[in-house]
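In what follows, a single structure is set out as structure tokens and then discussed.
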Amino acid sequence: MLFAVPLGFTLPVPSDRVRPMKLQLRLSALALAGFMVFAQAAPDKATPDKAPTEGKAAADSPAADKSDDPISKYAAPQEDAVGDLLLQAMSLLGVAYRFGGNSPDDGLDCSGFIRYVFQKSLRVNLPRTAAGMAKVGKSVGRGELMPGDLVFFNTRGFNYSHVGIYMGNNKFIHAPRTGKNIEVSNLSQSYWTARYNGARRVNRSTAGQAADTSDDVSVKSAAKSSAAPEAAKCRKGKKCKPAPSAAKGKKGAKAEKAAKSAGKKKKGRH
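Pasting the structure below:
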């Protein structure tokens, strides 16, 4: 199968620092990215002459509406949006990680890489940090991931400290850490599974909205961890610590009572 680079996509011109081997790696990456984009959309078995099974919805056919494309609203034509994004990302394979880096020539950190890719391929400006990116778009469940979604991890002791771009087939591309280069990793690896925080789907209609983190793994785990200690005390028959709002209410009542008693004493002196 021949692969054609989408219209409007241009290969980045390497600087003098990019060695021939790295350039060869980037060119090979373009072919791999194209393969992954088409493989994600292709059926398991090719049956071009077979009509859709009776009773099956029209949405199951290859000509189904592409409204579920996570970033289809970013570019025209819609079917090229994800391909452009992944091609731009894969063209940066091998670029060195540099904390705070904003360009391939100087190096890129995880959020700098994501921001650069979205700017260059789709002309969309995302927040500069991974935590900032986690506040835009819509939360996506692990089983609902689509190419182009942002995937987040806890790699530095706090939530949303790392981000990558989901590519399909359980793979994502990211800038890992100091001493490493931009690479493709597998979500199924134990390291990433244990640190997975959730995913966000970003488009023009959701980019400026506050984050909906109701389905994010980190939010659920944080809520459980904060409630667990007090619940355990209550089960053991110990005195339960009142909720912050209740504690404030008791303090307010005591202060009001003290003020009233002080007022009565002053009246008695007169």
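Mind the numbering: the sequence shown is residues -41 to -1, 1 to 229 in mature numbering (1 follows the signal peptide of the UniProt record, and there is no 0), read in order. Backbone N, C-alpha and C fix where the C-beta goes; we use that ideal spot for every residue, glycine too. Computed from a predicted structure; not experimentally measured.
- Boundaries for R74: no beta strand (DSSP E) harbours it, while the alpha helix (DSSP H) harbouring it runs 69 to 81, taken from the DSSP string.
- Rounded to the nearest whole angstrom, the CA to CA distance from S149 to N84 is 32 Å.
- Beta-carbon to beta-carbon, I141 and V54 are separated by about 5 Å, close enough to satisfy the 8 Å threshold.
- Look at the beta carbons and you see the region 72 to 83 not touching the region 93 to 104: under three pairs across the two are nearer than 8 Å.
- In this structure, DSSP gives R57 a state outside helix and strand, which the three-state scheme calls coil.
- Residues D108, A158, R159, R160 of the same chain have their beta carbon placed closer than 7 Å to that of V99, with the five preceding and five following residues left out of the count.
- The C-alpha of V95 is placed about 19 Å away from the C-alpha of H133.
- Of F112, G66, K130, F58, the smallest CA-CA separation from L51 is found for G66.
- Annotation for A90: Y119 place their beta carbon closer than 6 Å to its own, counting only its chain and skipping 5 residues before and after.
- About 6 Å separates the Cβ atoms of Y56 and P135, confirming a contact at the 8 Å cut-off.
- Residue state for M126 is assigned as strand, using DSSP reduced to three classes.
- Within 10 angstroms of the beta-carbon of A93 lie 16 or more other beta-carbons, which makes it buried.
- In this model, N128 and V110 are separated by some 14 Å (Cα to Cα).
- A distance of 8 Å or more separates the beta carbons of H121 and F131.
- Following the DSSP letters along the chain, one finds R160 inside the beta strand (DSSP E) bounded by residues 155 to 160.
- Secondary structure note for L109: it is in no alpha helix (DSSP H), and the uninterrupted beta strand (DSSP E) holding it is 109 to 112.
- In this structure, the alpha-carbon of R154 lies about 7 Å from that of T114.
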